[in-house]
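S.K.: Below you'll find the structure I mean.
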């Protein structure tokens with residue numbers, strides 16, 4: 008449990024005396040659903056956010072013979088809306104279809120395995136709920152919410168230790184009840200502002216593959232070993248734990264907005280396009296403004312976090328009589344939201360991105376900006392892959408120089424830790440040495456370098472250490488944590504799991 012003595016758990020306990028027997032049943036589609044929740048139409052700061060702590064430990068490419076980054080068992084969070092404005096509980100409810108609710112913090116870590124990986128056989132299919140309507144994607148007539156290539160969770164947090172949070176950046180947090188090996192919970196958050204004033208239900212839904220539908224086994228533990236694979240006592244099939252669910256901005260009674268039916272005033276607009284907008288003013292009649300804010304308002308753009316780009320501060324000195332100001336948003340040079348009266352664009356970038364907003368007057372297209380306004384976002388990825396490391400070596404002086412640019416860092420991160428590892432090899436293809444996948448050779452080179460420096464500052468580290476004959480040095484850099492005893496995240500391994508330094512720095 009993260010707090011208290013219990014948590015929600017989707018899984019199966021085969022052996023009540025040994026948690027190695029914890030597993031997941033095949034051919035399941037199960038969900039936990041909240042009671043109806045009324046969301047406020049007048050949110051205050053911090054309202055309309057869903058959050059919960061969880062540990063996802065389900066079968067994926069960590070142990071199954073499937074493509075990297077895919078899973079056969081996984082979890083999702085979904086939402087549906089009451090389409091009837093009648094606030095009477097029960098009789099006034101008319102529920103719409105379920106659909107995905109995408110997170111902005113500690114986002115999905117895998118995608119479902121493509122159903123045909125084992126061939127066109129129904130005995131290895133994945134399951135998706137059918138109460139989701141028919142909106143695209145619906146290749147089989149049902150809106151798919153848990154099929155390839157849609158994001159899901161399968162390895163997020165740690166049920167068996169404290170060395171890694173696997174596919175989620177974390178930070179990992181210890182709970183009130185844990186096994187002797189320790190465990191790490193991860194907090195995921197969701198933006199509910201699209202459901203302003205709505206009456207909603209939220210569900211946590213898990214699904215497991217059919218596997219060998221014709222065999223007698225009902226779960227990984229009872230299947231044991233077969234075809235060269237052993238799944239009994241696996242550490243990768245224990246299910247999904249959920250605790251401390253929180254929804255901010257909930258109210259006791261459904262609020263129904265009142266429509267404004269007042270007729271508009273008579274028009275007094277000019278007739279000619281030239282009289283409607285003067286393109287000689289400013290940037291073709293506009294002074295475009297672009298403001299960017301992140302979901303938790305800490306100024307750090309984290310991978311998958313919802314960001315809001317607003318052109319609401321734009322002014323129109325050239326006028327736009329008989330029309331309205333329209334805005335177009337571009338991301339990395341491509342149109343992300345075409346011209347409309349919507350002055351806000353929301354996105355969830357997973358990597359660095361550049362944005363631009365253009366404005367125009369709908370009654371005179373000669374008033375279409377040529378420059379607009381721009382913003383560049385640097386995104387904290389959580390896995391250290393956002394740090395671009397450059398290594399140079401001077402053969403004359405023997406000095407090796409590492410350089411990188413400072414990146415955004417959310418609390419409790421500050422500064423950078425530098426590690427060096429070694430790899431030996433005799434150069435013969437017939438006798439290759441095993442790669443250092445466990446990072447067992449790592450030693451610390453520099454700890455807490457660049458604490459508090461501005462984003463974009465060029466940081467360097469130099470060393471004269473030379474590798475032994477028939478060996479090489481490799482270097483890894485991660486964001487340093489201010490938490491005592493923390494292990495530094497250093498990237499992703501061959502199976503796409505988060506790699507964590509086995510030693511602390513210092």
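In this note's numbering, the protein residues as written are 8 to 513. The beta carbon of each residue, even a glycine, is placed where N, CA and C say it ideally should be. None of these values were measured; they are calculated from a predicted model.
(1) Hey, which unbroken runs of the beta strand (DSSP E) at 3 residues or more fall wholly within the region 43-95?
(2) Quick check: the region 449-460 against the region 374-390, are there 3 or more CB pairs under 8 Å?
(3) Under the rule that 16 or more other beta-carbon atoms within 10 Å means buried, what is residue 191, buried or exposed?
(4) If you scan the region 471-503 from start to end, which runs of the alpha helix (DSSP H) of 4 or more residues do you find wholly inside it?
(5) Give the DSSP-derived three-state secondary structure of residue 133 in the structure shown.
(6) Less than 9 Å between the C-beta atoms of residue 426 and residue 495, yes or no?
(7) When you compare each of 154, 418, 408, 140 to residue 467 by their alpha carbons, which one comes out closest?
(8) Enumerate in chain order the residues of its own chain whose CB-to-CB distance from residue 285 is below 7 Å, with the five nearest sequence positions on each side excluded.
(9) If you compare alpha carbons, which of 339, 266, 333 is closest to residue 372?
(10) Report all residues from its chain with a CB closer than 6 Å to the CB of residue 464; omit the five preceding and five following residues, and keep chain order.
(11) If you measure between the beta carbons of residue 517 and residue 180, is that distance less than 9 Å?
(12) Less than 9 Å between the C-beta atoms of residue 359 and residue 245, yes or no?
(13) Which runs of the beta strand (DSSP E) fall wholly inside the region 301-368 and span at least 3 residues, in chain order?
(14) Is it buried or exposed, residue 261, if we count other Cβ atoms within 10 angstroms and call 16 or more buried?
(15) Just curious, the beta strand (DSSP E) that residue 291 is in, first and last residue?
(16) If you draw a straight line from the C-alpha of residue 477 to the C-alpha of residue 229, how long is it?
(17) Assuming residue 195 and residue 110 form a contact by the criterion Cβ under 8 Å, report the distance between their Cβ atoms to the nearest whole angstrom.
(18) Restricting to Cα atoms, I'd like to know which of 105, 114, 178 is closest to residue 416.
(19) The alpha helix (DSSP H) spanning residue 283 covers which residue range?
(20) Which of the three DSSP states, helix, strand or coil, is assigned to residue 26?
(21) Please determine, among 124, 446, 512, the residue with the shortest C-alpha to C-alpha distance to residue 487.
M.R.: Working from what's here:
(1) Along the region 43-95, the beta strand (DSSP E) occurs as fully enclosed runs of 3 or more residues at 44-46, 56-64, 81-88, listed in sequence order.
(2) Contact between the region 449-460 and the region 374-390 is absent, because fewer than three Cβ pairs lie under 8 Å.
(3) By the neighbour-count criterion, in which a residue is buried when 16 or more other Cβ atoms sit within 10 angstroms of its Cβ, residue 191 is buried.
(4) Listed in chain order, nothing qualifies, since the region 471-503 has no complete alpha helix (DSSP H) run of 4 or more residues.
(5) The answer is coil: DSSP assigns residue 133 none of H, G, I, E or B.
(6) Note that the C-beta distance between residue 426 and residue 495 is below 9 Å.
(7) The shortest C-alpha to C-alpha distance from residue 467 to any of 154, 418, 408, 140 is the one to 408.
(8) The residues are 292, 325, 326.
(9) Checking every option, the nearest Cα to that of residue 372 belongs to 333.
(10) A distance below 6 Å between beta-carbons, with the five flanking residues on each side excluded, links residue 464 to the following residues of its chain, in chain order: 413.
(11) No answer is possible for residue 517: it lies beyond the span of the chain, which begins at 8 and ends at 513.
(12) Taking 9 Å as the cut-off, the beta carbon of residue 359 is found no closer than this to the beta carbon of residue 245.
(13) Fully enclosed beta strand (DSSP E) runs of no fewer than 3 residues occupy 314-317, 332-338, 341-347, 351-354, 360-368 of the region 301-368, in order along the chain.
(14) It counts as buried.
(15) Neither: residue 291 is in no beta strand (DSSP E) and is coded neither H nor E.
(16) Each residue's alpha carbon lies about 47 Å from the other.
(17) Your pair residue 195 and residue 110 checks out as a contact, with CB atoms roughly 5 Å apart and the cut at 8 Å.
(18) The residue among 105, 114, 178 with its C-alpha nearest the C-alpha of residue 416 is 178.
(19) From DSSP, the alpha helix (DSSP H) with residue 283 extends over 280-283.
(20) Three-state DSSP puts residue 26 in a helix.
(21) Comparing C-alpha distances from residue 487 to each of 124, 446, 512 shows the shortest one belongs to 512.
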